[in-house]
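Colleague: Under UniProt numbering, think of the first position of the sequence shown as 1, with each following residue one higher.
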Amino acid sequence: MLGNLKPQPADKILQLMGQFRADPREDKIDLGVGVYKSADGVTPVMRAVKAAEKQLWETETTKSYTGLAGDPAFNAAMATLVLGEALSDRLSSVATPGGTGACRQAFELIRLANPEAALWVSDPTWPNHLSILNYLKIPTKPYRYFDGETRAVDFDGMMADLAAVKAGDVVLLHGCCHNPTGANLTLPEWRAVADLCEKTGAMPMIDIAYQGFGDGLDDDAAGVRLIAERLPEVLIAASCSKNFGIYRERTGALIALSEPAKREVTQGTLAFLNRQNYSFPPDHGARLVTMILEDPALRGDWQAELEEMRLGMLGLREQLAKELRTLSGSDRFGFIAEHRGMFSRLGASPEQVERLKSEHGIYMVGDSRLNIAGLNAKSVPVLASAILDVGI
Ligand code: PLP
Ligand code: TYF
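Quick look at the structure:
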């Protein structure tokens, strides 16, 4: 039986992590996998998470099963964090193992509801979207998203491609901090996407994995909130991995907005899908998130630390753009300060990315996506001169 197995393609981002670890150079720089790092290269446990864990250890009396949908308090707290208000007559939600689990459950829900649906994905998108969709045999269609010249969103191209969506198709959007490009929709552009979905009968699905890493917790959710208000049906996959720094706890939520009359069957189907795949979702991370969001002191400290992280990344963007302006004598790298979140796509060739690695010990994903949080004030000038050295 197992002799029939064939090797599966590796995840290039995770592969790069292994290559970096094996590189003996002491001055190597890791701008690969999308994990937040502080200036000294550490991915910290956030203060509020530590404090909540301590409280939980002292007060938790059972680790018996939760419900299939996870803890209702977590689902409510996440809906409020993402949507800003409860929208309770339209809202269904379940806890999932991370944002990846939320995406996976959303895709399965779509396949169950409309086996004919095509999923429209930005070109480029997070590789795991495509990998899971292909695995589930859900047809995908790319829409133009990134302008390789300006390194901004190619909104005209995007809308031209999306003009072909059919009723019952799904348009997958990144809520903020687009992975891998760093280029994001403006609010008027979100409005135009809402108009398009309304006109065509396509359903938006929003993957929001970096709320609080771009322009702030509320601003980052503005697109999601606009879509939620305008469209009768929306799916939202939210991750707590980055903004709570609890990557390995596998904490996320899938939120579905439906017509009120369909709320019960939607909630039931989400719980059913959890049962088919893993029964009860993980609870530890979800419980920490709930405690933090519900307790004003913990929440205040969490928001303050998240804001320090966000402003740190923005500062690094500005420093890198400035350094490149000085060294190159041009404004062609200004987009780095315009992008938001952890990532920017430089628009370099695979050969240039390879040279950065082999000649300079600087690791970024092959499509020239760099993780801004992998930098610090000392490594920014090193990266800037290497970028020019390899001719980007
Ligand atoms: N969606 C996007 C766009 C991501 O970049 C990530 C990665 O962190 C996720 C979803 C899900 O992350 P996780 O499953 O670790 O919560
Ligand atoms: O894009 C990234 O780097 C993060 C982390 O299979 C990640 O989203 C990368 C690959 C993967 C799961 C998570």
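In this text, a Cβ means the ideal position worked out from N, Cα and C, and glycines have one as well.
According to DSSP, simplified to helix, strand and coil, what is residue 345?
Modeller: Three-state result, residue 345: strand.
Colleague: Just to confirm, is the Cβ distance from residue 121 to residue 109 under 9 angstroms?
Modeller: Against a cut-off of 9 angstroms, the Cβ pair of residue 109 and residue 121 comes out as no contact.
Colleague: Hey, which residues come within less than 6 angstroms of the ligand TYF, measuring from Cβ to any heavy atom, in chain order?
Modeller: After applying the 6 angstroms Cβ criterion, the set is 11, 13, 14, 33, 34, 126, 128 and 179.
Colleague: Between the stretch 41-49 and the stretch 65-74, do at least 3 Cβ pairs fall closer than 8 angstroms?
Modeller: At 8 angstroms Cβ cutoff, the stretches do not touch.
Colleague: Does residue 300 pass the burial test, meaning 16 or more other C-beta atoms within 10 Å, or should it be called exposed?
Modeller: Result: exposed.
Colleague: Looking only at its chain, what residues have a beta carbon closer than 7 angstroms to the beta carbon of residue 271, apart from the 5 residues adjacent to it on each side?
Modeller: Cβ within range, chain order: 68, 69 and 94.
Colleague: Just to check, is the beta-carbon of residue 210 closer than 8 angstroms to a non-hydrogen atom of the ligand NAD?
Modeller: The ligand NAD is not among the ligands present in this structure, which contains only the ligand PLP and the ligand TYF.
Colleague: What do you reckon, is the C-beta of residue 284 under 8 angstroms from a heavy atom of the ligand PLP?
Modeller: Every heavy atom of the ligand PLP is 8 angstroms or more from the Cβ of residue 284, so no.
Colleague: By the 10 Å Cβ neighbour count, where 16 or more other Cβ atoms means buried, how is residue 104 classified, buried or exposed?
Modeller: Buried is the call here.
Colleague: Output yes or no for whether 9 angstroms exceeds the beta carbon distance between residue 266 and residue 279.
Modeller: Contact flag unset, no.
Colleague: Go ahead and pull the three-state DSSP assignment for residue 247.
Modeller: Of the three classes helix, strand and coil, the one that applies to residue 247 here is helix, per DSSP.
Colleague: For residue 55, which residues from the same chain have a beta carbon less than 8 angstroms from its beta carbon, with the 5 sequence-adjacent residues on both sides left out?
Modeller: Cβ neighbours of residue 55 beyond the five flanking positions: 291.
Colleague: Measuring only the C-alpha atoms, how far is residue 148 from residue 124?
Modeller: Computed Cα separation, rounded: 11 angstroms.
Colleague: So, at 6 angstroms on beta carbons, what are the nonlocal neighbours of residue 117 in its own chain, with the 5 sequence-adjacent residues on each side left out?
Modeller: 110, 168, 169 and 170.
Colleague: Could you tell me the distance, in whole angstroms, from the CA atom of residue 281 to the CA atom of residue 288?
Modeller: Their Cα atoms are separated by approximately 14 angstroms.
Colleague: Can you pull the DSSP bridge partners for residue 252?
Modeller: Answer by DSSP bridge pairing, in chain order: 96 and 239.
Colleague: Can you tell which of 36, 205 and 284 has its C-alpha closest to the C-alpha of residue 71?
Modeller: With distances taken between Cα atoms, residue 71 lies closest to 284.
Colleague: Out of 36, 4, 26 and 6, point me to the one whose CA is closest to residue 310's CA.
Modeller: Looking at the Cα atoms, 36 is the closest of the given residues.
Colleague: Got a sec: does the ligand PLP put a non-hydrogen atom nearer than 8 angstroms to the Cβ of residue 141?
Modeller: Every heavy atom of the ligand PLP is 8 angstroms or more from the Cβ of residue 141, so no.
Colleague: Given the structure, does residue 174 come close to the ligand PLP, in the sense that its CB is under 8 angstroms from one of the ligand's heavy atoms?
Modeller: Answer for residue 174: yes, Cβ within range of the ligand PLP.
Colleague: I'd like the span of the alpha helix (DSSP H) that includes residue 364, first residue to last.
Modeller: No alpha helix (DSSP H) contains residue 364, which DSSP labels as neither H nor E.
Colleague: Is any non-hydrogen atom of the ligand PLP found closer than 8 angstroms to the C-beta of residue 242, if you look at the structure I gave you?
Modeller: Correct: residue 242 has its Cβ closer than 8 angstroms to the ligand PLP.
Colleague: Following the continuous alpha helix (DSSP H) through residue 126, name the residue where it begins and the one where it ends.
Modeller: Looking at the DSSP string, residue 126 is not in any alpha helix (DSSP H), and its letter there is neither H nor E.
Colleague: Based on the DSSP secondary-structure assignment, which residues constitute the bridge partners of residue 68?
Modeller: Residue 68 pairs with nothing; no bridge assigned.
Colleague: Three-state secondary structure (DSSP) at residue 27?
Modeller: Coil.
Colleague: Which runs of the alpha helix (DSSP H), 4 residues or longer, sit entirely within the stretch 167-244?
Modeller: The qualifying runs are 187-200, 217-220 and 222-230.
Colleague: Which same chain residues, not among the five before or five after residue 162, have their C-beta less than 6 angstroms away from its C-beta?
Modeller: Excluding positions up to five away in sequence, the list reads 143 and 196.
Colleague: Let me check understanding here. Comparing Cα to Cα, which of 112, 366, 58 and 100 lies closest to residue 252?
Modeller: Checking every option, the nearest Cα to that of residue 252 belongs to 100.
Colleague: Any heavy atom of the ligand PLP closer than 8 angstroms to the CB of residue 239?
Modeller: It does: the Cβ of residue 239 is within 8 angstroms (strictly closer) of some heavy atom of the ligand PLP.
Colleague: Comparing C-alpha positions only, which one of 126, 325 and 192 sits nearest to residue 227?
Modeller: If we check each option's Cα against that of residue 227, 192 comes out closest.
Colleague: Assign residue 141 to one of three DSSP states: helix, strand, or coil.
Modeller: Looking at residue 141 - three-state DSSP - the assignment turns out to be strand.
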